[in-house]
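For reference, the structure discussed in these notes is given below.
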Amino acid sequence: MAHGPAKGISRWLFTTNHKDIGSMYLWFSFAMFLVGGLFALVVRAELFEPGMQIVDPNFFNQMTTMHGLIMVFGAIMPAFVGLANWMLPMMIGAPDMALPRMNNWSFWILPFAFFMLLSTLFMEGGGPNFGWTFYAPLSTTFAPPSVTFFIFSVHIMGISSIMGAINIIATILNMRAPGMTLMKMPLFVWTWLITAYLLIAVMPVLAGVVTMMLMDIHFGTSFFDAAGGGDPVLFQHIFWFFGHPEVYIMILPAFGIVSAIIPTFARKPLFGYSSMVYATASIAFLSFIVWAHHMFTVGMPIAGELFFMYATMLIAVPTGVKVFNWVATMFKGAMTFETPMLFAIGFVVLFTIGGLSGLMLAIAPADFQYHDTYFVVAHFHYVLVPGALFSIIAAVYYWLPKWSGRMYSEILGKTHFWVAFVGLNLTFFPMHFAGLAGMPRRIPDYHMMFANWNMISSVGAFLFAGAQLLFLYIIVTTIIKGRKATDRVWENSEGLEWTVPSPAPYHTFSTPPEVK
Amino acid sequence: MKLPMPSNPIHALCLKLGAWAVGMFVFALWIMPPMYDVFCEITGLNGKTGGRYEASEIQQIDTSRTINVQFVAINNDKMPWQFVPQTRSVRVHPGEQVQIDYRVHNPTGKDMIAQAIPSLVPYNAVNYFHKTECFCFEQQPLKAGESANMPLLFIVDQDIPQGVHTITLSYTIFDVTDRYAADQLLGAR
Ligand code: HEM
Ligand SMILES: [Cu+2]
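Protein chains in written order, with the working numbering: chain Y, 1060 to 1575; chain H, 1121 to 1309.
Right, dumping it as C-alpha cells:
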C-alpha cells in the first residue's frame, strides 16, 4: 500500500485520487471566478457613469451573459464539486469516490467546455449576448453564429455535472464506513446527496433545451418559433424547469457547509439536525413546482399566478427553519470568530436578506413592477455572493489547514472578510433602490436619476474584486509557508475528516474507521 | 422483462441513475413540448386558436347576446408587407357565421411567402372561437408588388362563457420565404 502520487504532469492528467481531483476542481473554479469577475468589472466600469464610455452595447451584452454563465457553471458549481470530492470520502470514511476513473473524466472535460465557451468571444459576431438565461428567439433567430459552440459547451458541462452527481450518489450510498448510518452523516454529505439528485433530474433538461435550440437553428424545427407553430414561451417553461432547481443546486451544499462550521465555532452541536435534513429534502421537492415565478409577466391566468406565488412562498418555510436552526446553534454558544465563522455568520445574515427580497419578488402582482429590474439583480446576488460564494470561501478557510497541513494568517483572513463584506454590500445593496426606482437590468446606459446608486455599486465592485485577489494571495502563501496545522485544527471540530493527519495523506481510510 | 443487472451494487446503482438522466433528457425533448401543446389546447392558455372547424350541427343563432370581436395585425420583426384588417371590429351573435378580410400587400421587389399566426384573448374564449375558413391555415405567397385579400370565416360558439363580451384576435405575420421552397409555391399558381 502507501504508493504516493505519480510525478509531474501525468499525476494531474491521469489521477483518479479524489483529493487530486478535488484540488483541480477548486483551482479551476477559482480561475473561472477570476475570469467571470473580470467580465463583471467590465460591466461595472461601463455603468460607473451614465452614457456610453468604454464598450459598445453588443460587447456589453456579451459581458453580462458570459459573466453569468461563467460564474454559475464555471465557478460556483465546480467549486462545490471540488469540495465534495475532497470532503465526502473523508467525511463518510471511504477510501475514495465510488468511480475514480469517471471522476477523472468529469473533471477533464470541463476545461474544454469553458475553452470553447470563452473562444466564442473571439469569433465573428462575438460570443453569446442573449443573457445567461438565453431566451429564445434571442438565442435562436437572433443569435450570433457562435451560438452553436455555446450549445456544445453547455452539453459538455451538463455531462460533466451528471457524471459527477452519479459518482457522488454512488459514493454516499455505497461507500460509507460501517456504522455511518444515513442519519449520522454530516449535513454537508446530506445536502450534497440531495443536490446530486437535483442535478440528475434537471441537467438533462438543460441539455434538452439547448438541443431544441440547436435543432431550431440548424435543422428547421420550430420548437420556439411561432412562425412554424412553436412557442417562445415554451422555452421559458423548460428553461426554468431546469433553472429554479439549479439555483438550489447552488445553495444546498452551502447549507451543508454552514451547518458544519457554525457548530465548531459556537462549540455546540447543530440545533435540529433531523429538521435540517427534512428541510433540505422539502426545499428540493418544492423547487420543482415553483419555476413559473420567473415568468409571472408572460401572461398566465390568475390561477397560475396564484399557484406559483403561494408555492414559492412555501419554500420560505423550510428555508426559515434552517436560518432558525443556525441562529439557535449560536444562541448561548461559546462563540469565537475565526475567519470561517465570520464568513458563515455573514452567510446567515446576508443570505436572509436575499431570501426576503425573494419573497418580495414572489408576490405576483408586485413582481410586475420588479421583474427585469435591478431589484432582481440585487436579489440573486444576495443569495449567490454572500450565499453560495461565501460558503465556499468559508469552506476553504475551514478545511485548507486539513488539505495543506498549514494554517492561514488569521489577520489576513479577517481582512479579506471585512473588505469583501463591505465591498459586496456597497455593490449590491444600492441595486435594490435602483431597481425599485425602475432601472432595467442588462442595459449599458441608463437615466441620470440612477447615477448615484450605480457609482456606489461600481466602487463596491472594484473593492470586492480587490478582496478576492487578497484571497488568492492568502491561499498561495498559506500553502507555501503557513505555520503547521494540528490534526484537529479547530478546538471543537467534529467529524471523521479531523481524525486523519494534517495534511491529509494521499490515501485515507484504506481500512474503514470505526463509527460509534 | 427483467434486465440483467451488474453484480457490483455500485455499477447497478450508476446504471439506474444514468437511466434516470437519459429519461429526463427524453422527457425534456420529446414529452414536454407535446405536453405543453396539449395543455395549451385544452385550456386555451397560449391563445392559439384551433384548426379548421367543420360546422357539423347547424348552430342556433343566439340573438340575446352580442360579442364584440376586434381584429389586430402585427408584423413580426422586419416583415415589410402591409398587413391590415379591413374591419377593425364587428359585433356578432353567437352561432352566426361572419366573414371579414385582411388585406396584404408586398411592396418589395421580390417574391415572398408569409405565414400568419393567430393569438386570441381572453384565454377562456379560445376554445369557443371556431374558424371555418382562415388564411392562417396556409402560407400566403405574393409576387413582388402584388396585393391580396385574405378571408376569415368564423363562428363564435353559443356556449361561450357568460363573462366574455369582447374577443381580440391578433395575427402576427411572419416572413417564411426561406423556410419554404419559394419557386414551388409561387410557380404552382
Ligand atoms: C426564499 C427563497 C427565494 C424566493 C422566494 C425567491 C424568489 C425569486 C423570484 C420570484 C424570482 C423572479 C424575479 C423576477 O425575475 O421577476 C427570483 C429570481 C432569481 N432567484 Fe430567487 N428566490 C429565493 C431564493 C433564491 C436562492 C437561494 C437563489 C440561488 C442561490 C436564487 C436565485 C435566483 C436567481 C439567479 C434569480 C434570477 C434569474 C434571472 O432572471 O436571471 N433565489 N427569485
Ligand atoms: Cu426561482
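A virtual CB, placed ideally from N, CA and C, is assigned to each residue, including glycine.
Please read these numbers as outputs of a predicted model, since none were measured by experiment.
Between the region 1425–1432 of chain Y and the region 1113–1122 of chain Y, the count of C-beta pairs closer than 8 Å stays below three; the two stretches do not touch. Listed along the chain, the chain Y residues whose CB falls inside 9 Å of the CB of THR1292 of chain H are ALA1285 and ALA1286. At a C-beta separation below 7 Å, VAL1264 of chain Y has these neighbours in chain H: MET1144 and ALA1148. Shortest gap from the CB of PHE1439 of chain Y to any heavy atom of ligand 1: under 7 Å. For ASN1511 of chain Y, the uninterrupted alpha helix (DSSP H) segment begins and ends at 1510–1540.
Each residue's CA atom was taken as its position, placing SER1220 of chain Y and HIS1566 of chain Y some 25 Å apart. The beta carbon of ALA1138 of chain Y is closer than 8 Å to those of TYR1084, LEU1085, SER1088, PHE1089, PHE1092 and ILE1451 in its chain, skipping five residues each way along the sequence. Around the CB of THR1286 of chain H, fewer than 16 other CB atoms lie within 10 Å, so the residue is classed as exposed. Boundaries of the alpha helix (DSSP H) around LYS1461 of chain Y: 1449–1463. Annotated three-state conformation of HIS1566 of chain Y is coil, per DSSP.
For the 8 Å CB-CB criterion, ALA1447 of chain Y and SER1416 of chain Y do not form a contact. The C-beta distance from THR1179 of chain Y to SER1198 of chain Y rounds to 13 Å, too long to meet the 8 Å contact threshold.
Between PHE1107 of chain Y and MET1182 of chain Y, the alpha-carbon positions lie close to 28 Å from each other. Interface with chain Y (8 Å Cβ-Cβ cutoff): GLN1260 of chain H is excluded. Under the 8 Å Cβ criterion, the region 1254–1264 of chain Y does not count as touching the region 1152–1172 of chain Y, having fewer than three qualifying pairs. The Cβ-Cβ distance between MET1155 of chain H and PHE1294 of chain H does not fall below 8 Å.
Short note on LEU1128 of chain Y: C-beta not closer than 7 Å to any heavy atom of ligand 1. PRO1187 of chain Y is outside the set of residues whose beta carbon lies under 8 Å from a beta carbon in chain H. Rounded to the nearest whole angstrom, the C-alpha separation of VAL1189 of chain H and THR1288 of chain H is 6 Å. In terms of side-chain proximity, the C-beta atom of GLY1414 of chain Y is found nearer than 7 Å to a non-hydrogen atom of ligand 1. Under the Cβ distance rule, VAL1296 of chain H counts among the residues neighbouring chain Y, one pair being separated by less than 8 Å. At least one C-beta of chain Y is nearer than 8 Å to the C-beta of ALA1141 of chain H. For LEU1289 of chain H, DSSP records a beta bridge to H:PHE1191 and H:LEU1240.
Within the DSSP secondary-structure output, ARG1211 of chain H pairs in a beta bridge with H:ASN1188. Rounded to whole angstroms, the gap between the alpha carbons of ILE1151 of chain H and VAL1158 of chain H is 11 Å.
Within chain H, the residues whose beta carbon sits less than 8 Å from that of ASN1233 of chain Y are PRO1129, ILE1130 and LEU1133, listed in sequence order. Taking a beta-carbon distance threshold of 8 Å, GLN1235 of chain H counts as an interface residue toward chain Y. Interface annotation, ILE1227 of chain Y: not in contact with chain H, CB-CB separation never under 8 Å.
Residue-level contact check: MET1368 of chain Y does not touch chain H, since none of the beta carbons of chain H fall below 8 Å from its beta carbon.
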